[in-house]
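The sequence shown begins at 7 in the working numbering and counts up by one. Remarks on the structure that follows.
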Amino acid sequence: MKHHEALFIDGDWRPAAGGETIEVVNPADERVIATVPAGSAADVDAAVRAARAALPTWAATPPAARADLLAALRDQLADRAEEIARTVTAELGAPLAFSRTVHAGLPITVCGTYAELARTHAFEETLGTSTVLHEPIGVVGAITPWNYPLHQIVAKVAPALAAGCTVVLKPAEDTPLVAQLFVECVAAAGIPAGVVNLVTGRGPVAGHALAAHDGVDLVSFTGSTAVGRTIGALAGGAVKRVALELGGKSANVILPGADLGRAVAVGVANVMANSGQTCSAWTRMLVHRDQYDEAVELAATAAAKYVPGERIGPLVSARQRDQVVGYLERGVAEGARPVIGGPRTPEGPGFHVHPTVFADVTPEMTIAQEEIFGPVLSILRYEDEDDAVRIANGTVYGLAGAVWAADDATAVAFARRLDTGQVDINGGRFNPLAPFGGYKKSGTGRELGPHGLAEYLQTKSLQF
Ligand code: NAD
7 MKHHEALFID GDWRPAAGGE TIEVVNPADE RVIATVPAGS AADVDAAVRA ARAALPTWAA
67 TPPAARADLL AALRDQLADR AEEIARTVTA ELGAPLAFSR TVHAGLPITV CGTYAELART
127 HAFEETLGTS TVLHEPIGVV GAITPWNYPL HQIVAKVAPA LAAGCTVVLK PAEDTPLVAQ
187 LFVECVAAAG IPAGVVNLVT GRGPVAGHAL AAHDGVDLVS FTGSTAVGRT IGALAGGAVK
247 RVALELGGKS ANVILPGADL GRAVAVGVAN VMANSGQTCS AWTRMLVHRD QYDEAVELAA
307 TAAAKYVPGE RIGPLVSARQ RDQVVGYLER GVAEGARPVI GGPRTPEGPG FHVHPTVFAD
367 VTPEMTIAQE EIFGPVLSIL RYEDEDDAVR IANGTVYGLA GAVWAADDAT AVAFARRLDT
427 GQVDINGGRF NPLAPFGGYK KSGTGRELGP HGLAEYLQTK SLQF
């Protein structure tokens with residue numbers, strides 16, 4: 007697999023200041039497939055300087071010209087989709103079919119939406135006697151996780167570029183190769199030197215240096231709530247903008263009258279996708295007590311189809327596998343009943359766990375409160391609608407969710423009572439223009455579509 011033993015700064019691949027490296031491991035066979043530089047604070051400083059130097063010209067580039075370059079970037083991503091899919095499969099472990107449709111396909115769509123938005127967004131508005139200019143915030147520090155490695159990059163870099171910002175990207179340690187491929191696409195698209203810079207490296211070193219750098223105007227972070235808290239405090243102390251996309255423990259609420267078979271099937275597929283490593287996954291299924299046993303049986307049958315190594319890939323790392331196994335053990339210890347799967351891991355190689363469905367889960371159990379980030383579904387019983395609302399809202403998170411009912415109006419009425427950033431109504435489809443982001447401890451800020459673009463703009467009012 008092609009990779010660079012260098013950082014991408016000011017339009018060039020450059021060696022890192024120090025000699026530290028990060029090994030990239032294929033989670034399916036546990037073999038080292040590449041090494042990339044572990045950038046230091048000095049490398050981050052060089053990248054931020056390049057981004058600052060490129061800012062005035064890029065910010066002054068007409069939105070239509072930025073739109074053309076974003077369209078060229080989308081075309082580069084489309085031309086190299088197969089290579090992107092294979093790279094994500096190699097470093098993340100996702101089955102190739104899923105990598106093709108989601109890991110490679112979704113970023114093409116999202117990049118396309120920002121080419122369009124750059125062209126059509128009103129960067130000026132009139133309010134009474136004022137003209138309000140929507141101007142780029144400046145240099146963006148983008149820190150991304152490994153679970154949807156290219157999507158998370160594009161969901162930050164594309165709106166930043168559409169807004170006229172320049173970027174320093176620090177991708178996750180486990181998945182730096184697709185980030186390298188991405189900046190190759192940026193260069194091939196003709197986006198000027200310094201507008202997008204890449205520093206691979208470790209979170210507490212390169213990530214921290216980027217979040218703390220005085221030359222960064224906005225930190226956009228996706229990852230764990232623990233790290234998000236640190237970054238939020240750093241940014242707050244320096245009075246710089248910060249957007250945090252953090253964890254979730256989303257509820258899939260099945261109301262009486264819903265199509266139970268479909269709601270359970272879609273719910274199980276949602277949790278198993280990407281081996282459960284999805285921040286917005288509906289990891290808690292809430293079912294009325296009269297339908298509970300039937301739902302558990304349906305879920306177990308659906309989950310049985312996810313054979314490790316075939317329809318479902320490994321977890322990203324040994325560390326992630328161990329964390330998930332820890333939660334599976336905790337679930338059993340606290341009295342939940344695994345109807346399929348459980349803590350015993352499949353024979354190696356690969357960081358696999360058995361897809362697991364827990365029945366008899368109660369709201370206070372650890373597995374009903376904390377983000378597991380593995381293929382684990384907890385099924386909870388509710389008595390009536392008020393009880394379902396209480397349980398659904400009864401975690402620190404509020405990222406996504408689903409409601410199924412006999413009709414959309416009933417589902418919408420219930421969705422209005424949920425403290426969460428997105429709700430899919432009766433199996434509603436993913437919309438790349440809909441704002442994505444959290445209530446409560448799931449974060450601050452929104453990504454995707456026009457709301458995602460607004461995060462990278464600040465207003466200047468001219469009074470006449
Ligand atoms: P993580 O928080 O450990 O790492 C995320 C990124 O932050 C990585 O690039 C990492 O190198 C960097 N980082 C780590 N420590 C840092 C520090 N001290 N300073 C600066 N940067 C630092 O998370 P992870 O394990 O990579 O990802 C899994 C988590 O991300 C889950 O909790 C998941 O829910 C969350 N997530 C949220 C969303 C969302 O949009 N809300 C999307 C994907 C993942």
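Glycine residues also receive a C-beta, built at the ideal position from the N, C-alpha and C atoms.
Residue i (DSSP reduced to helix, strand or coil)
i: residue 105; result: helix
i: residue 137; result: strand
i: residue 278; result: helix
i: residue 130; result: strand
i: residue 162; result: helix
i: residue 227; result: strand
i: residue 15; result: strand
i: residue 251; result: strand
i: residue 366; result: strand
i: residue 343; result: strand
i: residue 532; result: A query on residue 532 cannot be resolved here, the shown segment of the chain reaching from 7 to 470 and no further.
i: residue 314; result: strand
i: residue 245; result: coil
i: residue 389; result: coil
i: residue 114; result: helix
i: residue 257; result: strand
i: residue 304; result: helix
i: residue 29; result: strand
i: residue 210; result: helix
i: residue 293; result: strand
i: residue 350; result: coil
i: residue 201; result: coil
i: residue 322; result: coil
i: residue 331; result: helix
i: residue 338; result: helix
i: residue 222; result: coil
i: residue 382; result: strand
Cut-off 7 Å between Cβ atoms - residues of its own chain near residue i, not counting five sequence neighbours on either side
i: residue 325; result: none
i: residue 195; result: 75, 78, 79 and 82
i: residue 160; result: 113, 116 and 117
i: residue 131; result: 138
i: residue 399; result: 424 and 425
i: residue 142; result: 65, 169, 170, 171, 462 and 463
i: residue 253; result: 230, 231, 285, 377, 403 and 448
i: residue 189; result: 14, 202 and 204
Status (buried if at least 16 other CB within 10 Å, exposed otherwise) for residue i
i: residue 467; result: exposed
i: residue 18; result: exposed
i: residue 470; result: exposed
i: residue 8; result: exposed
i: residue 182; result: buried
i: residue 436; result: exposed
i: residue 108; result: buried
i: residue 465; result: exposed
i: residue 380; result: buried
i: residue 71; result: exposed
i: residue 387; result: buried
i: residue 419; result: exposed
i: residue 238; result: buried
Contacting residues, own chain, Cβ-Cβ under 6 Å from residue i (five flanking each side not counted)
i: residue 173; result: 146, 148, 163, 166 and 202
i: residue 337; result: 364 and 373
i: residue 262; result: 294
i: residue 461; result: 249 and 451
i: residue 32; result: 39 and 96
i: residue 306; result: 345, 346 and 363
i: residue 312; result: 278, 318 and 361
i: residue 34; result: 99, 320 and 356
i: residue 343; result: 365 and 366
i: residue 283; result: 153 and 379
i: residue 218; result: 240
Cβ neighbours of residue i in the same chain (closer than 8 Å, five flanking residues each side left out)
i: residue 212; result: 44, 45, 46, 47, 49, 50, 176, 205 and 206
i: residue 416; result: 261 and 263
i: residue 11; result: 21, 27, 41, 42 and 43
Minimum Cβ-Cβ distance from residue i to chain D less than 9 Å
i: residue 212; result: Checking the listed chains, one finds no chain D in this structure; it contains a single protein chain.
Worksheet item: Curious, which full-length alpha helix (DSSP H) runs of at least 4 residues does the region 420-470 contain?
Response: 455-460
Fill in: Within the region 35-97, ranges of the alpha helix (DSSP H) (whole runs, at least 4 residues)
47-66 and 69-85
Worksheet entry | alpha helix (DSSP H) runs wholly inside the region 142-191, at least 4 long, in chain order | Within the region 142-191, the runs of alpha helix (DSSP H) that reach at least 4 residues and sit entirely inside it are, in chain order, 155-169.
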